[in-house]
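What follows is one structure encoded as structure tokens, with my remarks underneath.
Numbering (this note's numbering), first residue to last: 12 to 555.
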């Protein structure tokens, strides 16, 4: 799609007093330190206003250099995420005038900026706001920016957007930053969730999903011999994106949940061709149906575990309409080996674990819940507690392991920072006594995409890394005499100046000496369609 206009990000609101403090980062750009908020929340009515805010805070950078949507944009974004760098807005994707935003949710800090909180406070605040869900019913409006352009019938063509090929062995071009919206066929309650769409042709995609809410709703339509109407919003406000990443009961509307996180209702507008409503400020909306019992090959695709999923048959999504804003922004997400861009899901999982733990120990004794960056979104969890009764370490571990996505959990005391891997390892090394403090649960339900699983069945482990209370652990008395240095009281720059710049220069020199020469990748045709190759041929080529 060609346009003569350069996209303008909505002017961001001013920083809240005491909320954001600039500090010099090792890369030379302005980083942000998030502090406790003392003023009303920011409000981001759409995706571009959030991008504008990130840009103002030094958390988003525009890229003018020409880039290829085949592997290159994802590779650059992956590097930015690995370096804890900024979100990227590619303004010069080869063959397109539509900008591509990626790595927007590449850090927990940016997710928290979107919801006006901080990583340590987020889980509890997210759950607290969710309790107000009934107060924020979506507001139906007559029109919205997502209707500025409408394409129907034969004019529908996904080739107009800079859809990306993410990893070398992927099946083809994928849309993955989606909010897929359907309605329960009987209650008419909306459901929103995030799913990838594989491009079969210009007006048809594949749809992959796990057997959760969207799957159950589609099955209800299919049992009646009906196609399931679906709308897909791309480039939505951060509240709607977070809500779609959260697994909720079928009887609850994710957009009520989004409104509760925002603190005001989400504006929704009716679709052109299906009986659904979508966020009025979305950048792009796809409308269509999922026909009953039609399946086509889907995958391989690089999964959140960092491995390619197997080819399988998946339902298809037939498009009837595309609506979009003037100068739309296409949103993409990076998945694959950690770190990736699954932060919204990580935080949503942490909230589910909090709900479970509240049934086991008092709320005030749950100090932190942290799903680790290397744990593939949900496999590894560290829980920090205030232990006041014998046996709580193992009780908490068992409770967390009852949540099926979690495979390993470490329970630590209040003197340990759960988000500091060195402190967690120290507690593990000095407070966990092998067989006495390790829980094994064999043949438990996990996640099928776990490469170590057998049809989704795994062995789970819990590690009680807490100090003894009473007689629940018999250890050396040294365990009660830990030494702590109050390093948080020292400002190192007052003693040695800005040492980070020199460190960054040294790291750059090391990388330049060890970086292998770039290999030019073979590139498929520009049209977002799958390569005409059988699965057997692909496996043979991979073996070679």
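Idealized CB from N, CA, C, for every residue including glycine.
Residue from the options whose Cα sits closest to the Cα of residue i
i, options, result
"residue 158", "284, 426 and 419", "284"
"residue 124", "73, 60, 92 and 141", "60"
"residue 413", "395, 375, 368 and 487", "368"
"residue 372", "356, 355, 361 and 398", "398"
"residue 361", "76, 390, 55 and 116", "390"
"residue 435", "383, 337, 101 and 322", "383"
"residue 185", "319, 217 and 200", "217"
"residue 178", "111, 91, 256 and 85", "85"
"residue 170", "107, 142, 379 and 118", "107"
"residue 393", "150, 213 and 418", "418"
"residue 405", "489, 91, 241 and 443", "443"
"residue 209", "192, 187 and 197", "187"
"residue 122", "152, 88 and 62", "62"
"residue 100", "166, 173, 164 and 269", "173"
"residue 68", "96, 80 and 75", "96"
"residue 319", "72, 511 and 311", "311"
"residue 82", "98, 143 and 113", "113"
"residue 446", "199, 87, 78 and 484", "484"
"residue 162", "335, 365, 515 and 403", "335"
"residue 167", "134, 214 and 64", "214"
"residue 494", "518, 441 and 510", "441"
"residue 257", "488, 303, 364 and 428", "364"
Three-state secondary structure assigned by DSSP to residue i
i, result
"residue 370", "coil"
"residue 415", "coil"
"residue 63", "helix"
"residue 5", "There is no way to answer for residue 5, as the model of the chain reaches only from 12 to 555."
"residue 50", "Low per-residue confidence applies at residue 50: pLDDT is 38, beneath 50, and the placement is therefore not dependable, though the value from the model is reported in the following sentence. Coil."
"residue 390", "coil"
"residue 342", "strand"
"residue 133", "helix"
"residue 147", "coil"
"residue 20", "coil"
"residue 360", "helix"
"residue 167", "coil"
"residue 58", "helix"
"residue 198", "coil"
"residue 32", "Unreliable placement is indicated for residue 32, whose pLDDT of 29 sits below 50; the coordinate value is still reported in the next sentence. If DSSP states are grouped into helix, strand and coil, residue 32 belongs with the strands."
"residue 383", "coil"
"residue 494", "coil"
"residue 335", "strand"
"residue 403", "helix"
"residue 378", "strand"
"residue 330", "strand"
"residue 138", "helix"
8 Å Cβ shell around residue i - same chain, five flanking residues per side excluded
i, result
"residue 467", "456, 457, 458, 459 and 461"
"residue 425", "378, 395, 396, 397 and 398"
"residue 286", "194 and 240"
Sequence-distant residues of its chain with Cβ nearer than 6 Å to residue i (five each side left out)
i, result
"residue 220", "206 and 226"
"residue 513", "none"
"residue 196", "231 and 232"
"residue 317", "347 and 348"
"residue 280", "152, 155 and 291"
"residue 337", "159"
"residue 486", "479"
"residue 354", "116, 119 and 122"
"residue 401", "480, 481 and 483"
Residue i Cβ short of 6 Å to the ligand SAM heavy atom set
i, result
"residue 337", "Among the components of this structure there are no ligands whatsoever, and the ligand SAM is therefore not found."
Supposed close pair residue i, residue j - CB separation, criterion 8 Å
i, j, result
"residue 474", "residue 275", "Actually they do not touch by this definition, with Cβ atoms about 43 Å apart."
"residue 438", "residue 423", "5 Å"
"residue 313", "residue 346", "6 Å"
"residue 300", "residue 329", "6 Å"
"residue 242", "residue 294", "Their Cβ separation, rounded to whole angstroms, is 14 Å, which puts residue 242 and residue 294 out of contact at 8 Å."
"residue 129", "residue 358", "Rounded, the Cβ-Cβ distance is 12 Å, inconsistent with contact."
"residue 315", "residue 351", "6 Å"
"residue 262", "residue 198", "7 Å"
"residue 326", "residue 229", "7 Å"
Proximal residues to residue i (C-beta, below 7 Å), its chain only, five neighbours per side dropped
i, result
"residue 292", "56, 57, 155, 156, 157, 248 and 278"
"residue 469", "418, 455, 457, 461 and 463"
"residue 141", "268 and 271"
"residue 407", "368, 371, 372, 394, 396 and 422"
"residue 73", "100 and 102"
"residue 472", "419, 449, 450 and 451"
Practice task
Run through the stretch 73–128 for me and flag every whole beta strand (DSSP E) of 3 or more residues, listed as ranges in chain order.
Solution key: 98–101 and 111–113
Exercise for the section: Return the chain-ordered ranges of every alpha helix (DSSP H) run that is complete within the stretch 210–257 and spans a minimum of 4 residues. Expected result: 224–234 and 249–255
Exercise for the section: Please list the segments of the alpha helix (DSSP H) lying wholly inside the stretch 425–490, counting only runs of 4 or more residues, in order along the chain. Expected result: 432–442
Practice task
Could you tell me which uninterrupted alpha helix (DSSP H) segments, each at least 4 residues in length, are contained entirely in the stretch 260–325, listed from first to last along the chain?
Solution key: 265–273
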